[in-house]
Amino acid sequence: MTMLAEGIIAEATAAQRQAADPASSVWVSASAGSGKTKVLVDRVLSLLLRGSAPAKILCLTFTKAAAAEMANRLSDRLTGWVTADEAALRTSLENLLGGQVESELLPRARALFARVLDTPGGIKIQTIHAFCQSLLGRFPLEAGVAPNARVLDEHEAADLLDTARVEVLGEALEGQGRLSEAIAVLTAHLQEDRFTEVMQQLIHERGRFAELKAARGNVDRLVAEVFALLRVDPDETVDGLTAAACEEGAFDREALMLAVEVCRTGTAKTDQPKGAKLAAWLASDAKTRVAGFEDYRRLFLKTDGQPFVDQLTKKLATANPDAAKVMAEEADRLLALAQRCNALTVARATRALLILGDAILAAYQRHKEARVLLDYDDLIHFSARLLARQGGVSWVLFKLDGGLDHLLVDEAQDTSPEQWRIVEQLTGDFFAGLGAHEDSAETVRTVFAVGDPKQSIYSFQRADPTEFQRMRDLFRARAQLAQHHWRPVSLAVSFRSTEAVLRMVDAVFAATAAQDGVLFGEAEISHRAKRTGEAGLIELWPPAPPAAAAAEEPWALPLPGRSDSAALLRLARLVAKRIWYWTVSHEGADDPACRLEARGRRLQPGDIMVLVRRRNAFLTELVRELKRQGVPVAGVDRMNLTEQLAVMDLMALGRVLLLPEDDLSLACVLKGPLIGLDEDQLFALAYDRGRRSLWQRLGEWAKDDPAFASARHFLEALAARADYVAPFELYASLLGAGRGREKLLARLGPDAADPLDEFLSLALAYERENAPSLEGFLHWLSAGELEIKRDLEQEHGAVRLMTVHGSKGLEAPVVILPDTLQLPNAPDGLLWVDDRSARPPLAVWPVKRDYDLPLLGAARAARQLAQEQEYRRLLYVALTRAEDRLYLCGWQTKRSASAGNWYELAEGALSRLAEGGEAEAVEFDFTSDIGADGWAGPGWRLQLPQSVPIAVEKLRPLRASAELIELPAWARRPAPAEPAPPQPLAPSRPRETEPPSHSPLGRDAGLRFRRGLIIHRLLQSLPELPVEQRGFAGRAFLASPLHDLTRAQQEEILDEVLRVLEAPELAPLFGPGSRAEVPLAGLVESASGPQVFAGQIDRLLVEDDAIWLIDYKSQRPAPARAEDVPALYLRQMAAYRALLARIYPGRTIRSYLLWTDQPRLMQLSDALLAGHAP
């Protein structure tokens, strides 16, 4: 290691120790790859070593994966301390604390593992939602939630919201009230797809909308404030405003008539026609003026609504300035009227949206309450409300674990304002001086937060980097006011990336155009690399050009060599080919370009991560190409399952099984891979069939055509099972034994494998939460856009493809950024407008740009700016995922790329580095990679050589490639049916009908019925007591008012029971060593084969030479002789006897029945039972 590297590591270690100081509240700004997880673990260890109770430490993480990672690291460190020798432990503690450690600290460190284990639940390391869920689970009534409430997952919440939306829209379409009026207003402005989109935007912001309602009142109050904000009257209408503008007195007739006269002297092409139209409008009556108002308005205003710069030709205006002034004033009047009409339209549309959205969210809330459900927003809302109660925080935390002394927040830049409110409430009295729960003034309560506002990219979850800054300032002020130690720490040393990658990052954000939204008070972004001297490579490839426009040739054949693929598809093929060459090709085995020089090994598929800004056809094509090349690929991090062809085929099949008369679905299935009819067969089957369904026609033609007969039999066999088996079993057998997977993959290719696996997983998930039915499962799938999230963090040995958002927290030796030329679409939908009332901003729907208002301009500009700032922060996250290499590329469209895109920022950075000799311009030619689809052009390269010794990295085994192998014969045969085990037979619950019991409502008021139960209980319990205590215990039991017995009845029952217990011949059975209620199970050979018996013997005694068993019969009439005992009781006792004979062979077995209603004891002889043996 070089002196420079040692210095950098020392600098980073010192900063990390400062962050882990347990005596200070610390706010850490941690750049990418700077070891924030290590700092979190180090701080928890330092707190424990200092004596903090594990139960009083709370760590809040952003994801479950982060919580698990932190918990695992903490556990590994603690277990290591337990087993380490003294020298190793001392070294570990000195590295942690940064100095010499006292000997008495060593046993304390070893004991920490046991101390954490003994803490109920251990140290609380969890997401904020998990913490809130546990909080509400402990205090449901105080929080106002149901004690048994269950948390909805995302798909369940979407399904419930869709149910609420359909319910409210149905009510709106059928009724005549405000909902009907609202939907009429909305549908006048929106088409069907846009209507759904706008409603989803409001529903997505339901937490913010609820906060707005809570602060400002109900929805009617909100609507009133929107109208006041836009300065329009709710009772006004656009038609009314237009009519008023056309009334006499609303305009200056005399001045306009003067302008008409002036126009008549102007040019014949422009001024005179304008004057004629103006004169005609002025000469009309009010009604006619209203009808022609739109044409009149166009005389003064352009199509974008703004006034013409010159209302008269320049020469005419110069000669007649008064007329030009009149025309300008009329244009201003019409502009003001247009803006007022626009404001009224926006206000009315916003009112409609808020009313309808409020009704949908109210219905959603009712459904949740009826089903005792909570969503993730509810967890935050109810927890904040619980903690906001008077004394709520102190009481809740005391009841939980006696208090909270230390709070740690991970990924603080991604914490939403609502979540910060909970953090603020939890720490409200941390800086208020000595709390009542604290033992002494030495107890220091601390706040620790680590984050990086440069990596705040989750605005769609309400994350705001300015909140990170605001909360830092808030806690700093509180700590300083309370004279607590406060320490801001910056971690800028990257342990992840090579120096080449970090130079590129610093150069990109050195440009002023890239800094807005990324710098937060710093002068510049500057990283230091721990991996100084290790090889690194950056390449910027020329973008893929769009296909040249060419005249379409009729019936043109798809011959090799044609280059008419879309640019993004060509780029996908290039990326796939390069990955194949780097990782698995034989040709690349000796090529230095295919080696990770700093690691001393060849590139593997698992080293590569492809990041895009949004999912599109590029990812789909890249997955297909990688699989075609035989490169292991983990698939896309998210997929819309119902849009996958394989899943669409399976869902169509399910619809056919439910309703064979569904002609369209049946045609899809017949033509699909599962059956495989060709176009001619399907046309022949469907053509000229009259009013008959396709299913009926298939049945008719199945008699003569084997292909149709096979299809009909296939569907009938599945339909016969569909009503009796769960969806998973149905589809699993189809895809497995039915060879459906083989057929689908043969037609659709290997990229259909992932959707099929996810489909089966969802079938199982559905059955865990719902009654299994095919119709319910298909509805559940199709009710919403089912987006499957796949955890690619654990994927080793395969190329990973994901969005930049999904890559947060991940890293890879090689990162490819192919989506660099496109900017995000301009934001649309709701605007949150600050009305300067110190309350949450108002929600306003601007409808469309035609109705744009100056009042909304600031809100629209702020939203656009926030989107652009996050776009640049997203670039920072994408660049810093790379460890060794970074490749940037893109595809062009027929439109020119917008300024400020990632490609432009990267190109500018590399050109500046080239001026200093660090980067170089390179000519790339990709035709050698993908032939005619390739292209050539200028690009850039930044490459730093290896200048330190190579630390050879151990090779991980490659994930098996997608090579086809021949399956053995048994794999193509259906598995044999598993033998059903015999149903256990309970001898004490025979299949035959038992003799009738005594009625509890008999003439003796049920005394005989109760008497039998009481005797049974006494015979079961009294033998467990010493003989001298049985009488006393029996009298106490019988004297209970529950039994409603007279003293004489009590004495009578007790005497009968004690006679049985004290009978000399039965003394062993009720004496020491005997057992009550003994379970017995076993396999007994019977005439019909092996039979499983399971039962329970009321009393059993096992002696060296004999077995005693007794069975009580309550509420049954006792027969006079043993031979008169019902046969089913004899079979029961014979079964017990047979099982005991197998367990204890060679011993005498004595069998008794005790009829408790008298009581009467009856011995059953061996000869009698032998005739009823199993």
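For the sequence shown, my numbering begins at 471 and goes up steadily by one.
Ideal Cβ positions, reconstructed from N, Cα and C, are used throughout, including at glycine.
Please read all numbers here as calculations on a predicted model, not as lab measurements.
Does the separation of the CB atoms of residue i and residue j fall below 8 Å?
i       : j       : result
Met1079 : Val1285 : yes
Val1530 : Leu1623 : no
Asp722  : Val655  : no
Leu1639 : Ala1588 : no
Gly987  : Glu1340 : yes
Pro1493 : Ala1546 : yes
Ile1485 : Leu1539 : no
Phe1229 : Leu1111 : yes
Look up residue i in the DSSP assignment and give the residues it is bridged to.
i       : result
Lys594  : Leu528
Ser499  : Gly921, Ser960
Asp1581 : Leu1623
Leu878  : Cys529, Phe918
Leu1414 : Gly1006
Arg1072 : Arg1065
Trp1361 : Ala1014
Met443  : Within the shown structure, residues of the chain are numbered from 471 to 1644, placing residue 443 beyond reach of any answer.
Ile1258 : Met1109
Ile1567 : Val1548
Ala1406 : Asp1395
Between which two residues does the alpha helix (DSSP H) carrying residue i extend?
i       : result
Val842  : Run containing Val842: none; DSSP gives neither H nor E here.
Lys785  : 784-789
Arg1001 : Note, Arg1001: premise wrong, no alpha helix (DSSP H); beta strand (DSSP E) at 998-1001.
Val971  : 969-978
Distance, Cα to Cα, residue i vs residue j?
i       : j       : result
Asn618  : Ser929  : 32 Å
Arg543  : Val1554 : 54 Å
Pro1534 : Pro1511 : 33 Å
Gly477  : His1056 : 42 Å
Ala1301 : Gln1337 : What sits at residue 1301 in the sequence shown is Leu, not Ala. C-alpha separation (whole angstroms): 13 Å.
Leu1039 : Glu1095 : 10 Å
Ala1592 : Leu1550 : 24 Å
Phe1198 : Phe1184 : 18 Å
Trp1405 : Ala1042 : 13 Å
Ala538  : Asp546  : 12 Å
Gly1031 : Glu1091 : Reliability fails at Gly1031, whose pLDDT of 39 lies under 50, so the model's placement of it is uncertain and no value is given.
Arg1612 : Gln1566 : 16 Å
Phe763  : Arg803  : 13 Å
Ala1313 : Gly591  : 43 Å
Val914  : Gln950  : 14 Å
Ala1643 : Glu1522 : 38 Å
Phe532  : Trp865  : 26 Å
Gly1006 : Arg1309 : 51 Å
Where does the unbroken beta strand (DSSP E) through residue i begin, and where does it stop?
i       : result
Glu1393 : 1389-1395
Asn1110 : 1108-1110
Tyr1357 : 1352-1358
Ile1286 : 1282-1287
Val1080 : 1078-1082
Trp1302 : 1301-1303
Arg1270 : 1269-1273
Leu1634 : 1630-1634
Does the pairing of the segment 951-971 with the segment 494-511 give three or more beta-carbon distances under 8 Å? In short, these stretches touch, since the Cβ pair count reaches three.
Does the segment 1165-1179 come into contact with the segment 1149-1157, if we say contact requires no fewer than three beta-carbon pairs (one atom in each stretch) closer than 8 Å? Contact holds: three or more Cβ-Cβ distances are below 8 Å.
Please confirm if the segment 1005-1017 is in contact with the segment 1349-1367, defined as three or more CB-CB distances below 8 Å between the two stretches. Segments in contact, yes.
Should the segment 810-825 be called in touch with the segment 734-750, which here means at least 3 C-beta pairs below 8 Å? Flag = no, the segment 810-825 and the segment 734-750 do not touch.
How about the segment 563-583 and the segment 914-922: do they share at least three Cβ pairs that are nearer than 8 Å? At 8 Å Cβ cutoff, the stretches do not touch.
Sufficient close CB pairs (3 or more, under 8 Å) joining the segment 709-717 to the segment 822-829: The segment 709-717 is not in contact with the segment 822-829.
Within the chosen definition, does the segment 1126-1146 reach the segment 1066-1079 through at least 3 CB pairs nearer than 8 Å? They do not touch, by the three-pair rule.
Could you tell me whether the segment 1212-1225 touches the segment 1103-1112, using the rule of 3 or more Cβ pairs below 8 Å? Because the criterion of three Cβ pairs below 8 Å is met, the segment 1212-1225 and the segment 1103-1112 touch.
Give a yes or no on contact between the segment 604-622 and the segment 549-560, applying the rule of three or more CB pairs nearer than 8 Å. Flag = no, the segment 604-622 and the segment 549-560 do not touch.
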